[in-house]
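Visitor: With the first letter of the sequence shown counted as 1, position 98 gets the number 1088 in my numbering; the numbers rise by one all the way through.
Glycine included, C-beta positions come from ideal geometry on N, C-alpha and C.
From a predicted model like this one, the values you see are computed outputs, not experimental measurements.
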Amino acid sequence: MSVPGNSDHNTKEAAATPPSSGIAMADDGVNPGSSRVDALILSVNNIEVVYNHVILVLKGVSLEVPRGKIVALLGANGAGKTTTLKAISNLLHSERGEVTKGAILFDGDEVHSLSPNELVRRGCIQVMEGRRCFGHLTIEENLLTGAFTRREGAAVIRRDLELVYEYLPRLRERRGAMAGYTSGGEQQMCAVGRALMSRPKMILLDEPSMGLAPQIVEEIFDIVKNLNAKENVSFLLAEQNTNMALKYANYGYILENGRVVMDGKAKALAENEDVKEFYLGIAEGKRKSFRNVKHYKRRKRWLA
Ligand code: ATP
């Protein structure tokens, strides 16, 4: 995916480009000898999403998640992050949304031929924005709902519950508490734990940092990193907290107005001047769109 003369990151008119090619992540662990289907757990190819038959929200989004990696999907409010995640987990229908173009492959299978249930069974689960725990159930009952799609016996489910408590010890302490009375951080942990109970290969995590204190956000991201490293769970992480997401992710995509405007290795993105200026607030001046910036446009023309 490297662009001559611009190896740090890529800018592109996403609608016009084919899917990213291989993310050039060999140095991040993808075996260059393995086939692309083996190397990628998720591939989103040039998708368009329309709500209510008329509102075009995603305009040719392409992205990839290599197996066992953490990929960040970054962007401001309304950029289309949640819509992208819902398209992947096939949850758009309930919102009167549909994928009108392009294709999404999870672990080699077209997600549109699979129900959300089946996707969960195959290892792709979404943790919704805002946690959405069942407030009137205890933490442990919430966790057990996560095993709903599984057909193994109680002993196996019990063992996995123990594993969840190992990774999220705070949940063990609070196992008997009504979820609705626990803190925001505990509810976020509960939502991640519940997802883990489905034995996922990949978790689509929507804005885990939302409404949480910085220390708790760090704790949540540490848990993500730990699960990724030890359980080999891949993550697609939709976040507005660019700084935190890029610290933990291997690779990142930046969405604006339903298009991918930039992608690159997390380290390169974090060091990129435009990203620093517009998403990390490091440069001076007010927040602007990438599209309004002359040098950014020049660079895009050069790449076209
Ligand atoms: P946020 O962080 O605020 O959730 P986001 O990047 O996740 O932002 P989306 O929630 O995907 O963005 O929204 C992208 C666009 O799609 C927004 O303009 C939003 O108003 C629109 N949208 C989202 N859901 C619907 C819906 N059910 N019907 C119509 N438009 C929608």
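Taking the alpha-carbon of G1113 as reference, which of N1036, M1192, H1102 has the nearest alpha-carbon?
Guide: Checked all of N1036, M1192, H1102; the closest Cα to G1113 is M1192.
Visitor: Should the stretch 1255-1264 be called in touch with the stretch 1066-1086, which here means at least 3 C-beta pairs below 8 angstroms?
Guide: The stretch 1255-1264 vs the stretch 1066-1086: no contact.
Visitor: With 16 other CB atoms within 10 Å as the buried threshold, where does P1159 fall?
Guide: So P1159 ends up on the exposed side.
Visitor: Which partner residues of Y1041 appear in the DSSP bridge assignment?
Guide: DSSP, once it has assigned bridges, lists I1045, G1087 as partnering Y1041.
Visitor: List the whole-angstrom C-beta distance separating N942 from F1225, where the pair is believed to meet the contact cut-off of C-beta under 8 angstroms.
Guide: No answer is possible for residue 942: it lies beyond the span of the chain, which begins at 991 and ends at 1294.
Visitor: Starting from V1250, trace the beta strand (DSSP E) both ways and give me its first and last residue.
Guide: Where V1250 is concerned, the enclosing beta strand (DSSP E) stretches over 1249-1255.
Visitor: Once the 5 residues before and after I1094 are set aside, which same chain residues still bring their CB inside 6 angstroms of it?
Guide: Closer than 6 angstroms at Cβ, skipping near neighbours: V1034, I1078, V1101.
Visitor: If I1206 and G1065 are in contact, beta carbons under 8 angstroms, what's the gap, nearest whole angstrom?
Guide: With a Cβ gap of about 22 angstroms, I1206 and G1065 do not count as contacting.
Visitor: My guess is that E1119 and E1197 are in contact by the Cβ rule of under 8 angstroms, so how many angstroms apart are they, rounded?
Guide: Between E1197 and E1119 the Cβ distance is about 5 angstroms, and since that is below 8 angstroms, they are a contact.
Visitor: Would you mind listing the beta strand (DSSP E) stretches within the stretch 1176-1215 that are 3+ residues and don't spill past its ends, in chain order?
Guide: Listed in chain order, they are 1192-1196.
Visitor: Of the choices M1252, M1200, D1099, R1184, whose alpha-carbon is the least far from that of G1136?
Guide: Closest by alpha carbon: R1184.
Visitor: Just the C-alpha distance for L1133 and E1263, rounded to the nearest angstrom, thanks.
Guide: Between L1133 and E1263, the C-alpha separation is close to 42 angstroms.
Visitor: Between T1073 and the ligand ATP, is the CB less than 7 angstroms from at least one heavy atom?
Guide: Indeed, a heavy atom of the ligand ATP lies less than 7 angstroms from the Cβ.
Visitor: If I measure Cβ to Cβ from E1130 and keep anything under 6 angstroms in the same chain, skipping five residues before and after, which residues do I get?
Guide: Excluding positions up to five away in sequence, the list reads R1165.
Visitor: Under DSSP, the beta strand (DSSP E) around F1225 begins and ends at which residues?
Guide: Start and end: 1224-1229.
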